[in-house]
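Heads up, the sequence shown is in the numbering used here, so the first residue is 1 and it goes up one at a time. Below is one structure, written out as structure tokens; the observations come after it.
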Amino acid sequence: MSDPFNTTELADVERRLDAWIAELDSEHEHILAVDRAEDDVIRWFVRMRGDEKEFTTVWLTLGQRTLRYETYVMPAPEENAQALYENLLRRNDRLVGAHFSIGAEDAVYLRGEIATAGVTKDAVDNILGSLYATVEQTFLGLLRIGFASRFADD
């Protein structure tokens, strides 16, 4: 297990993350907004415009040991829940650095974390790109499973 970062080290990573995320925002047109949490948690919200899913927002949360990241993928399925969850588990086997999970209200999320010591601009760019690409590649297919009757006429 990695040692926890002290307050000074964490503040340095936070400052660098602010700068890197601002740089990524200026470099990528599909990033629409970047916001920061206004509470005890060190958290950023990066909102990106998608094609398959209108928007994907990635939450980055900095801790003493890890940078956690997650995005909301879709609500809980209305039907075919077993097939949807089997699909997600099979997809998890192929994912690197993230995994599908069930969160609040049984909604589907994509989550992961890296050690705070490994946080770099390239790592943050990779995290944002990987989560964005995974959501774009899976969103409609997952909806068609979990909300099949709504797509019956397609």
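Backbone N, C-alpha and C define an ideal beta-carbon position, used for all residues, glycine too. For clarity, every value in this text was computed on a predicted model and none was experimentally measured.
Asked	Found
Length-filtered (3 minimum) beta strand (DSSP E) runs lying within the stretch 101-134	108-115
Cβ-based neighbour list, TYR132, same chain, cut-off 6 Å, excluding 5 preceding and 5 following	MET48, THR56
Under the three-state DSSP convention, the category ASP51 falls into	coil
Reference ASP25, options PHE151, LYS121, PHE139, closest by Cα	LYS121
Classification of VAL41 by the beta-carbon crowding that lies within 10 angstroms, buried from 16 upward	exposed
Those residues which DSSP pairs with PHE45 across a bridge	ASP35, TRP59
Closest Cα partner of ARG150 within the set LEU88, ALA123, GLU78	GLU78
Meets three-Cβ-pair contact criterion under 8 Å: the stretch 86-95 and the stretch 7-24	no
Pair within 8 Å by beta-carbon distance, ARG111 and ALA123	no
Alpha-carbon to alpha-carbon, PHE100 and LEU88	6 Å
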